[in-house]
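**Q** For what it's worth, the working numbering labels the leading residue of the sequence shown as 709, then goes sequentially.
We put the beta carbon where it would ideally sit given N, CA and C, even for glycine.
The structure that follows is given in the form of structure tokens.
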Amino acid sequence: MSDIFAKVQEAIAAAEAETLANPEALEAFRIRFQGSKTVQGVLEQLMAEIRNVPNERKREFGQLVNTLKQLVEEKVRSTREAFESASAGSGGVQLDLSAPGEPLPLGSRHPVSLTLNRIVEIFTRMGFSVADGPEIEDDWHNFTAMNTPEDHPARDMQDTFYIVDAPGILLRTHTSPVQARVMENRKPPIRIIAPGRVFRNETISARSHAQFHQVEGLYIDRGVSFADMKQTLLYFAQEMFGAPKIRLRPSFFPFTEPSAEMDVWLGTDTEENYRLTKGTGWLEILGCGMVDPQVLLNCGIDPEEYSGFAFGMGIERQALRLFNIPDIRMLFDNDVRFLRQFAAVQ
Ligand code: DAH
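And the structure:
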């Protein structure tokens, strides 16, 4: 009698121990326990034994067989599911390791990256290294440290996107805050450029966009002069555009004194140059100036000992010029037919 109970226990242990490595093993397991039209399964065999169990233990026996039944059902269900999801993952096709690989189309660099790489290459040749800063900035680095306190009218020139529930946090309007971050953490001599994405609350048009890229430059040391800045920027313009000359127009930025805007001479010989320079032959590419002593003070550098120059340039407009692209929005449309054209450009 107790033999019958032992048999069920053994069947439970056996069902538990079974590993079902493939669908064939699962099917064999299922038939072994649940049976088929032609085969009597273990469950049915055991249930048939109930007539040999004394009445007072029939209930106990029935429960034990039921445990086995549920175990088998659960195992069949979960194993089947595992096989199904595995084959769905491989598209229902068995993995053939000897099949040739799928060809991946080769990407191309974005024209903004291509332009940026050229800029970085020219400045690293002159001994500048590349620095980095966050796109989500605080008010101090973006404005106040750069000598643009709250209520300064210059803030109107660079309206940005603020974060409603975090006053004092904003999307940086220029790469100039990287100047402050570098100066706060390093001692002169400092010679860095800082490329990156910037944001303005602006209407999007063919010539301007609410997000674009800049490269900041900063050079701080003893005895750095305006003439050093002019020569550095002239060299850049020649290398970048083959431009024969530059011009510096007096301008205003809160963080430099004196300040200037720099144009490079492209001429009006071609239609593109005519359009890009609005018929003047001059393309404005950057703002620059001698770092305001107040900015040095804000960042813990003694203006009596050190001086320096800084500049900030937009990358998109230079990309338009380099690759004869008529509309700035094309740079952000992500149309692969447009982007693919730059595959061969280094
Ligand atoms: N941050 C300025 C802008 O976005 C550009 C600029 C001007 C940067 C003069 C400078 C600078 O470092 O010296 O309009």
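With DSSP as the reference, label Gly-770 as helix, strand or coil.
**A** helix
**Q** So Ile-954 and Met-937 are in contact, right, with Cβ under 8 angstroms, and what is the actual spacing, rounded?
**A** The Cβ separation is near 11 angstroms, so there is no contact.
**Q** Measuring alpha carbon to alpha carbon, tell me which residue in Gln-742, Phe-769, Pro-808, Pro-762 is nearest Val-784.
**A** Val-784 has its Cα closest to that of Gln-742, out of Gln-742, Phe-769, Pro-808, Pro-762.
**Q** In angstroms, rounded to a whole number, what distance separates the CA positions of Asn-893 and Ala-796?
**A** 54 angstroms
**Q** Under 8 angstroms, do Tyr-927 and Gly-815 count as touching if we go by C-beta distance?
**A** Against a cut-off of 8 angstroms, the Cβ pair of Gly-815 and Tyr-927 comes out as no contact.
**Q** Distance, Cα to Cα, Pro-966 vs Pro-958?
**A** 8 angstroms
**Q** CA-CA distance, Arg-899 and Val-999?
**A** 13 angstroms
**Q** State yes or no: is the C-beta of Glu-979 nearer than 7 angstroms to some heavy atom of ligand 2?
**A** The ligand content of the structure shown is limited to ligand 1, which means ligand 2 is not among them.
**Q** Assuming Arg-1029 is part of the alpha helix (DSSP H), what are its boundary residues?
**A** Boundaries of the alpha helix (DSSP H) around Arg-1029: 1024-1031.
**Q** Considering Cα atoms alone, identify which of Thr-964, Asn-825, Asp-804 is closest to Ala-902.
**A** Asn-825
**Q** When you compare each of Ala-1052, Asn-774, Leu-991, Thr-727 to Ala-945 by their alpha carbons, which one comes out closest?
**A** Leu-991
**Q** Check each candidate in Thr-988, Gln-866, Ala-839 and name the one with the smallest Cα separation from Asn-850.
**A** Gln-866
**Q** Just list the beta strand (DSSP E) runs in the segment 871-944, keeping only unbroken ones of 3 residues or longer that don't cross its boundaries, in chain order.
**A** 877-879, 898-907, 919-929
**Q** Quick check on DSSP: helix, strand or coil for Phe-963?
**A** coil
**Q** Rounded to a whole number of angstroms, what is the C-alpha to C-alpha distance between Gly-997 and Arg-817?
**A** Rounded to the nearest angstrom, the two C-alpha atoms are 32 angstroms apart.
**Q** Within 10 Å of its beta-carbon, does Tyr-870 have 16 or more other beta-carbons around it, so buried, or fewer, so exposed?
**A** exposed
**Q** For Glu-843, is the beta carbon positioned less than 7 angstroms from some heavy atom of ligand 1?
**A** no
**Q** Less than 8 angstroms between the beta carbons of Gly-925 and Ala-1018, yes or no?
**A** yes
**Q** Among the candidates Glu-845, Thr-852, Thr-883, whose CA atom is the shortest distance from the CA of Ala-874?
**A** Of the listed residues, the one whose Cα sits closest to Ala-874 is Glu-845.
**Q** Across which residues does DSSP place Ile-954 in a beta bridge pair?
**A** Val-972
**Q** Report, in whole angstroms, the separation of the C-beta atoms of Gly-841 and Pro-885, which I expect to be a contact under 8 angstroms.
**A** 6 angstroms
**Q** Quick one: measure Cβ to Cβ for Ala-951 and Val-972, integer angstroms, because I've assumed they're closer than 8 angstroms.
**A** 4 angstroms
**Q** When you compare each of Gly-809, Val-890, Leu-956, Thr-868 to Ser-837 by their alpha carbons, which one comes out closest?
**A** It is Val-890 whose Cα lies nearest to the Cα of Ser-837.
**Q** Does the beta-carbon of Ala-729 have 16 or more other beta-carbons within 10 angstroms, so that it is buried, or is it exposed?
**A** exposed
**Q** Pick from Ala-736, Arg-740, Pro-861, Pro-731: whose alpha carbon is nearest that of Ala-719?
**A** Arg-740
**Q** So what does DSSP say about Ile-844, is it helix, strand or coil?
**A** strand
**Q** Quick check: the Cα distance between Leu-772 and Val-716, rounded to an integer number of angstroms?
**A** 7 angstroms
**Q** State the DSSP-derived secondary structure class of Val-761, mapped to helix, strand or coil.
**A** Three-state DSSP puts Val-761 in coil, outside helix and strand.
**Q** Pick out whichever of Lys-745, Phe-1050, Thr-727, Thr-985 has its Cα sitting closest to the Cα of Thr-787.
**A** Thr-727
**Q** With hydrogens ignored, establish whether the beta-carbon of Ser-933 is closer than 7 angstroms to any heavy atom of ligand 1.
**A** no
**Q** Any heavy atom of ligand 1 closer than 7 angstroms to the CB of Ser-1015?
**A** Checking the 7 angstroms criterion, the Cβ of Ser-1015 is out of range of every heavy atom belonging to ligand 1.
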